[in-house]
Amino acid sequence: MMKKHLLILFVAFASLFSAQSQTKKGNYEKIKAFKVAFLSEKLDLTEEEADKFWPLYNIYDKKMIELHKAERYSIKKKILSCGGIDSLTDKESKEIVNKIKSVSKEQYEAKTNFYDKLSTFLSDKKILTLEVAEHEFHRKLIKKLKGKKREHQK
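The sequence shown lines up with residues -21 to -1, 1 to 133 when you count with mature numbering (1 follows the signal peptide of the UniProt record, and there is no 0).
Okay, here's the thing in C-alpha cells:
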C-alpha cells in the first residue's frame, strides 16, 4: 500500500514539472494536484475524515492565497509608486508595515479558525502532521523550482 502511494506521489511530482511551457494556470493546477496527493499521503485520512477535511482545506487554502497575493500586490504597488524603498517617507513606510501586520493578523485568524474546525473531527496529532507536511511540501516545491531554474540557465 505504501509503495503504491509513493508511486502515485512520484508520478504526480514528475508530471508536475515535466512540461516546460505550461501556462500559469496549468502549472497552478499541477502544483495543487501534487499538494493534494502529498498531503493525502502524509495525513492518511479515513474516508470520513477526507470528506470533511478537503472542503474545509480548499476554502482555507484559497483564503490564504488571496491574502498573500493581496499583501504582495499592495505592498509592491505602494513601494513602486513611491520610487522604491529608499524613496518612502516614514508615513508611507508605516502604512506598509501596518498593512503587513493587518494581513498577518488575518492569516493567523484564518489558520486558527481552520484548526478549530479541524479539531472537531481530527486529532491534534493529525493537525500537527498537516502543519509539518505543508512546510515540507513548500520546501520540496521551492527546491524543485530552483532546480528547474538552474536547468533553464544552462
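Heads up, the beta-carbon is just placed ideally off N, CA and C, and yes, glycines get one too.
| message | Just to confirm my understanding: we take S(-1), look at its own chain, exclude 5 residues before and 5 after, and list those with CB closer than 8 angstroms. What are they? | response | In this predicted model, S(-1) has a pLDDT of only 46, less than 50, meaning its place in the structure is not dependable; the value taken from the coordinates is given anyway. Within the same chain, S(-1) has no close Cβ partners at all.
| said: At the level of alpha carbons, what is the spacing between E110 and A16? | reply: Cα atoms of E110 and A16: separation of roughly 15 angstroms, rounded to the nearest angstrom.
| Leaving out the 5 sequence neighbours to the left and right, which residues in its chain are closer than 7 angstroms to F(-5) when beta-carbon positions are compared? | Unreliable positioning characterises F(-5) in this predicted model, as indicated by a pLDDT of 47, which lies under 50. The coordinate reading is nonetheless provided below. Setting aside the 5 residues that flank it on each side, F(-5) is surrounded in the same chain by K123, K127, each with a C-beta closer than 7 angstroms to its C-beta; the list follows chain order.
| task | Just the C-alpha distance for K73 and R51, rounded to the nearest angstrom, thanks. | result | Approximately 16 angstroms, taken between the alpha carbons.
| request: Kindly indicate which three-state DSSP category G63 falls into: helix, strand or coil? | output: Residue state for G63 is assigned as coil, using DSSP reduced to three classes.
| task | For the alpha helix (DSSP H) containing S19, list its first residue and its last residue. | result | Note, S19: alpha helix (DSSP H), 3 to 22.
| field | Rounded distance between the beta-carbons of L35 and K96, thought under 8 angstroms | value | Going by Cβ atoms, the distance from K96 to L35 rounds to 6 angstroms, so yes, they are a contact pair.
| query | Is the beta carbon of F100 sitting closer than 7 angstroms to the one on K31? | reply | Cβ atoms of F100 and K31: closer than 7 angstroms.
| query | In the structure shown, what three-state DSSP assignment does L101 receive? | reply | DSSP places L101 in coil when its eight states are reduced to three.
| By DSSP, does T68 sit in helix, in strand, or in coil? | T68: coil per DSSP, three-state reduction.
| T25, DSSP secondary structure in three states | Correct three-state label for T25: coil.
| Integer Cβ distance of Q86 from L46, believed to fall under 8 angstroms | At roughly 5 angstroms, the Cβ-Cβ gap stays under 8 angstroms, so Q86 and L46 are in contact.
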